[in-house]
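Student:
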Amino acid sequence: MFTSVILLWLCVVFIILQLKSRRPKNFPPGPTALPILGNILHLSLENPLKDFERLKKSYGNVYSLFIGSKRAVVINGLKAMKEAIVTKATDFAGRPQDLFINDTTDRKGVILADYGSSWRDHRRFALMTLRNFGLGKDSMEERIHGEIQYTINTLEKSIGKALSPQLMFHNAASNIICQVLFGTRFEYDDEFIKVIVQCFTENAKIANGPWAMLYDSLPMIRKFPLPFTKAFKNAETCQNLAKCLLTEHKKTRVPGEPRDFVDCYLDEMDKRADDGSSFSEEQLTMYTLDLHFAGTDTTSNTLLTGFLYLMTYPHIQERCQQEIDQVLEGKDRASFDDRHHMPYMQAVIHEVQRIANTVPLSVFHCTTKDTELMGYSIPRGTMIIPNLTSVLNEEGQWKFPHEFNPENFLTDQGEFVKPEAFMPFSAGPRMCLGEGLARMELFLIMVTLLRKFEFIWPEDAGEPDYTPVFGATLTPKPYRMKIQLRATQ
2 MFTSVILLWL CVVFIILQLK SRRPKNFPPG PTALPILGNI LHLSLENPLK DFERLKKSYG
62 NVYSLFIGSK RAVVINGLKA MKEAIVTKAT DFAGRPQDLF INDTTDRKGV ILADYGSSWR
122 DHRRFALMTL RNFGLGKDSM EERIHGEIQY TINTLEKSIG KALSPQLMFH NAASNIICQV
182 LFGTRFEYDD EFIKVIVQCF TENAKIANGP WAMLYDSLPM IRKFPLPFTK AFKNAETCQN
242 LAKCLLTEHK KTRVPGEPRD FVDCYLDEMD KRADDGSSFS EEQLTMYTLD LHFAGTDTTS
302 NTLLTGFLYL MTYPHIQERC QQEIDQVLEG KDRASFDDRH HMPYMQAVIH EVQRIANTVP
362 LSVFHCTTKD TELMGYSIPR GTMIIPNLTS VLNEEGQWKF PHEFNPENFL TDQGEFVKPE
422 AFMPFSAGPR MCLGEGLARM ELFLIMVTLL RKFEFIWPED AGEPDYTPVF GATLTPKPYR
482 MKIQLRATQ
């Protein structure tokens with residue numbers, strides 16, 4: 002009798018799971034999903050980007066997958082991407098809330114917050130505050146140039162030697178955003194920056210790695226002490242560090258006289274104290290970590306990609322330096338406005354961003370209501386995976402879609418042009434908050450360093466490996482660079 006009940010129960014569960022894994026009417030096509038597992042066997046747990054490309058060839062630019070029992074739609078190509086995240090932006094502006102990455106952040110912050118009034122208030126506040134604290138102004142350039150001096154000091158100590166630049170660029174990017182958030186920078190051997198950069202780096206790898214995919218697909222394993230628990234420990238470590246910083250910050254704060262982003266947020270909390278606002282110290286803790294991570298990992302990985310290619314394409318490095326020397330002749334240092342007179346340098350930086358493809362799957366979206374995409378019906382609550390790789394490498398959108406070539410951003414007359422398919426920061430209302438800061442950092446750092454130094458691929462380093470390490474962000478494999486002062490210095 003007992004055995005019969007168990008078998009009956011298993012049959013019911015199997016049928017329910019089968020029904021959950023069925024595609025609704027007029028839903029995008031995709032591979033057959035298995036009960037419980039969904040399409041997990043169709044994807045490499047280590048790096049699914051090639052699998053997304055393979056499935057696109059079979060099912061088209063809009064196709065569906067099941068992450069466990071959860072329905073997901075993968076969007077490929079400029080046309081479908083624009084329809085979803087620009088034309089029908091509010092329909093696709095949600096965030097899925099039952100994922101590994103949400104659980105590690107306690108569903109707070111701004112990047113992963115679901116679409117609604119709290120998210121809108123926080124995003125509006127962030128855009129206004131970043132603008133008020135110098136984004137696009139001389140004060141931000143001062144901060145960036147100040148940090149570049151520490152990078153130059155590091156490089157000068159390594160002249161004639163080979164240096165691993167990974168930590169150097171991570172520390173520089175981290176300190177620039179720290180000055181915006183907390184009004185302070187940290188020495189590179191400070192425990193705060195060492196621990197937080199390590200936690201960010203590890204969690205970026207775990208977040209889109211095999212254990213995170215299993216966590217999302219098989220909820221029954223979430224309570225087990227498996228390797229994904231490392232990410233929760235890292236997140237807790239980061240939160241504790243941010244809370245300590247916040248506590249110290251409040252001791253020296255003068256209400257109404259903000260020094261930085263944190264002070265502005267605390268002032269905003271005071272203003273909203275009686276209106277049931279979503280602004281809170283818990284939100285602020287995750288908010289600063291959100292912005293710190295987003296402003297560190299993506300910029301540093303783009304810089305690492307840039308110098309990897311500049312070393313291994315020395316003719317491109319040399320042409321950049323010729324343009325820099327010509328435009329900056331007689332000037333102490335570069336300003337962000339100088340980019341308008343450096344079409345080739347602009348083209349190189351944009352090509353670095355395109356080829357770096359730092360956030361290949363963007364941040365997953367979710368539909369906020371029943372909607373349509375490219376003629377398919379997409380129910381409310383469907384997870385949306387924007388495959389930015391497919392746009393940044395799309396045939397027909399680029400002169401040289403599959404190779405590193407600044408000509409992708411130059412007209413036949415040598416003028417800089419930005420094709421519509423250039424969207425490394427995504428697009429629409431969920432577009433990266435820090436785009437302006439990132440663009441300024443990349444230009445000023447690359448121009449300043451290229452003006453002073455020559456970067457050489459070490460003779461004993463073998464052939465360069467351009468294959469990135471997959472994670473929430475793509476990271477170049479560790480490499481070394483040889484540093485020489487330029488003859489013009």
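Note that the sequence shown ends on residue 490 in the working numbering; no numbers are left out.
Think of the CB as a built atom: it goes at the ideal place given N, C-alpha and C, for glycine as much as any other residue.
Based on the DSSP output, what are the partners of residue 454 in its beta bridges?
Tutor: Answer is 486.
Student: Return the Cβ separation of residue 474 and residue 302 in integer angstroms, given the expectation that the two are a contact with Cβ distance under 8 Å.
Tutor: 6 Å
Student: Would you kindly check if the distance between the Cβ of residue 353 and the Cβ of residue 343 is under 8 Å?
Tutor: By the CB criterion at 8 Å, residue 343 and residue 353 fall outside the cutoff.
Student: Given that a residue counts as buried once 16 or more other Cβ atoms are within 10 Å of its Cβ, and exposed if not, what is residue 72?
Tutor: buried
Student: To the nearest angstrom, report how far apart residue 391 and residue 249 are at their CA atoms.
Tutor: 45 Å
Student: Could you check if residue 160 is buried or exposed, using at least 16 other CB atoms within 10 Å of its CB as the buried criterion?
Tutor: Label assigned to residue 160: exposed.
Student: For the segment 316-374, list the beta strand (DSSP E) runs that are entirely contained and at least 3 residues long, ordered along the chain.
Tutor: 372-374
Student: By the 10 Å Cβ neighbour count, where 16 or more other Cβ atoms means buried, how is residue 31 classified, buried or exposed?
Tutor: buried
Student: What number of angstroms, rounded off, separates the C-alpha of residue 486 from the C-alpha of residue 453?
Tutor: 6 Å
Student: For residue 84, does the three-state DSSP call read helix, strand or coil?
Tutor: helix
Student: If I'm right that residue 407 touches residue 317 with Cβ under 8 Å, what's the distance once you round it to whole angstroms?
Tutor: Confirmed, Cβ separation roughly 7 Å.
Student: Looking only at DSSP bridge pairs, what is residue 492 linked to?
Tutor: Any property of residue 492 remains undetermined from this structure, which presents the chain solely from 2 to 490.
Student: Between residue 22 and the rest of its own chain, which residues show a CB-CB distance below 7 Å, the 5 nearest in sequence each way excluded?
Tutor: Caution is warranted here: a pLDDT of 47 is assigned to residue 22, below 50, making its placement in the model unreliable, and no coordinate value can be reported.
Student: Taking C-alpha atoms, which residue in 61, 349, 460 lies nearest to residue 448?
Tutor: Of the listed residues, the one whose Cα sits closest to residue 448 is 349.
Student: In terms of residue numbering, what span does the beta strand (DSSP E) encompassing residue 384 cover?
Tutor: 384-387
Student: Do you know how far the Cα of residue 366 is from the Cα of residue 384?
Tutor: 6 Å
Student: Under the three-state reduction of DSSP, which class applies to residue 19: helix, strand or coil?
Tutor: In this prediction, residue 19 has a pLDDT of 46, which is less than 50 and means its spatial position is unreliable; nothing more can be read from the coordinates.
Student: Between the alpha carbons of residue 153 and residue 451, how many angstroms are there, rounded?
Tutor: 11 Å
Student: So residue 477 and residue 305 are supposed to be a Cβ contact under 8 Å. How far apart are they, rounded?
Tutor: 5 Å
Student: Measure the C-alpha to C-alpha separation of residue 440 and residue 312 and round it to an integer number of angstroms.
Tutor: Between residue 440 and residue 312, the C-alpha separation is close to 21 Å.
Student: Could you compute how far the alpha carbon of residue 61 sits from the alpha carbon of residue 372?
Tutor: 19 Å
Student: For residue 39, list the residues DSSP reports as bridge partners.
Tutor: 35, 68
Student: One question on the structure: do residue 481 and residue 465 come within less than 8 Å of each other, judged by their Cβ atoms?
Tutor: no
Student: Which value, in whole angstroms, describes the spacing of the CA atoms of residue 457 and residue 307?
Tutor: 13 Å
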